[in-house]
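Residue numbers (our numbering): 212 to 569.
Below is one structure, written out as structure tokens, with a few remarks after it.
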Ligand SMILES: NC(=O)c1ccc[n+]([C@@H]2O[C@H](COP(=O)([O-])OP(=O)(O)OC[C@H]3O[C@@H](n4cnc5c(N)ncnc54)[C@H](OP(=O)(O)O)[C@@H]3O)[C@@H](O)[C@H]2O)c1
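In structure tokens form, the structure reads like this:
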């Protein structure tokens, strides 16, 4: 039996993870956490003793002693759980990309001490991991992360001035929670994934490329030094990376439809339009600058997305708030979690001021 702590159990990833657990007799839920949604019925249905709504999830993790932590909390709130698992060598199935972006250096140090497995649940990073498995890092030329382009692909900046929350939440290929759906519309999501990939696979930023691929069938590619490239294909369905991480290395069966090649697949790729969608370039700048700049990028983006979802900031204001926060921050490296929390709070203050004047 593999004992799973599911954090963010009521979200998009959390609900799909419960379906994966229900299908696999060797997986057992031992802890559930949410931000504010009541978990009484869910816990009773799945016979889960350890439950927490809001607050510090590390207490829940200490009490439930899981074999695997599936961190599907949204935002910086996931940092504590990521560091808890990595520090102890408990397998971490990581959907919460924001924690690795904000706390990348601290997370790698904790992983080195803990020595456990870090299995990304983000589909692109799960795909890269699978393409890289057991290959010499010296043979890797570069990584390619694909982006659907979101609902506004092909639009100009002028077209985006008046888009609504409803427009931004209408993702063409993936069904996800509201924050990541807006991140996909601005392409900030690909910026977060760029930084996440850098920390996960120890590949320098100049060797990680972002390409737009509207059908989301190819999740990522790895180019090798001999000129070959390996790609990971599948219909867009988070069941696959969730199941891969929870059942690793077994690749348990799923009911996800098999690729219908004879029926035809559209595999188009194009460069992202970084003039209209500047957030991936801002993420690259933050990642290359290092220190707490990635944490600033993440915090400012969280504040700006929340303001957009609440109707307090126009769509184009999201990138402006992030850019202004990066310009104003000092980016000093975080020696520990307290430093990181301070940098995050400072960036939130800067971004809050930016939202107020936008
Ligand atoms: N959805 C996807 O397909 C997808 C794909 C790749 C990566 N991800 C990443 O996975 C994470 C979750 O995404 P999602 O789409 O599942 O988001 P979501 O649908 O908004 O769900 C977020 C979950 O986090 C919980 N939560 C929020 N704050 C919390 C806190 N302080 N403590 C404990 N739980 C808290 C929420 O609980 P409440 O119900 O109480 O609010 C909810 O269960 C994000 O980092 C996202 O970038 C998602």
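Heads up, the beta-carbon is just placed ideally off N, CA and C, and yes, glycines get one too.
As the structure is a prediction and not an experimental result, all values here were calculated from the model.
How many angstroms separate the CA atom of residue 354 from the CA atom of residue 518?
-> 33 Å
N-terminal and C-terminal residue of the beta strand (DSSP E) that residue 214 is part of | 213-218
Should residue 308 be listed as close to ligand 1, given that the test is whether its C-beta is under 7 Å from any heavy atom?
-> yes
Give a single yes or no on whether residue 215 has its beta carbon closer than 7 Å to a heavy atom of ligand 1.
-> no
Could you name the residues of the same chain whose beta carbon sits closer than 8 Å to that of residue 604, not counting the 5 residues immediately before and after it, in chain order?
-> One cannot answer for residue 604 here, as it falls past the ends of the chain, which runs 212 to 569.
Between residue 362 and residue 396, which are expected to be in contact by the criterion C-beta below 8 Å, what is the C-beta distance as a whole number of angstroms?
-> 6 Å
Going by alpha carbons, who is nearest to residue 287 out of 556, 567, 240 and 323?
-> 556
Own chain residues within Cβ distance below 6 Å of residue 299, not counting five before or after | 325
With DSSP run on the structure shown, which of helix, strand or coil describes residue 555?
-> helix
Exposed or buried, residue 407, counting other C-beta atoms within 10 Å across all chains shown (16 or more means buried)?
-> buried
What is the DSSP secondary structure of residue 262, reduced to helix, strand or coil?
-> strand
Among 488, 454, 478 and 435, which one has its Cα closest to the Cα of residue 330?
-> 454
Is the Cβ-Cβ distance between residue 274 and residue 261 less than 8 Å?
-> yes
For residue 282, the three-state DSSP class (helix, strand or coil) | strand
Ligand 1 heavy atoms versus the CB of residue 390: any closer than 7 Å?
-> yes
Evaluate residue 483 with the Cβ neighbour count: other Cβ atoms within 10 Å of its Cβ, from every protein chain shown; 16 or more gives buried, anything less gives exposed.
-> buried
Whole angstroms is fine: what's the gap from residue 419's alpha carbon to residue 499's?
-> 12 Å
Can you list the alpha helix (DSSP H) stretches of 4 or more residues lying completely in the region 276-343, in chain order?
-> 290-299, 308-313, 315-325 and 334-343
Select from 280, 290 and 226 the residue whose C-alpha is nearest the C-alpha of residue 450.
-> 226
Where does residue 429 land, buried or exposed, given buried means 16+ other C-beta within 10 angstroms?
-> buried
Report buried or exposed for residue 293, applying the criterion of at least 16 other Cβ atoms within 10 angstroms of its Cβ.
-> buried
Could you give the residue range of the beta strand (DSSP E) that holds residue 435?
-> 429-435
So residue 507 packs on residue 558, CB below 8 Å; how close in whole Å?
-> 4 Å
If you draw a straight line from the alpha carbon of residue 465 to that of residue 369, how long is it in whole angstroms?
-> 43 Å
Give a yes or no on contact between the region 275-282 and the region 295-312, applying the rule of three or more CB pairs nearer than 8 Å.
-> yes
Reference residue 215, options 276, 467 and 356, closest by Cα = 276
Alpha-carbon spacing of residue 267 relative to residue 244, whole angstroms | 10 Å
If you run the structure through DSSP and keep just helix, strand and coil, what is residue 272?
-> helix
When we look at the beta-carbon of residue 505 and count the other beta-carbons within 10 Å, is it buried (16 or more) or exposed?
-> buried
What is the residue span of the beta strand (DSSP E) that residue 352 lies within?
-> 351-358
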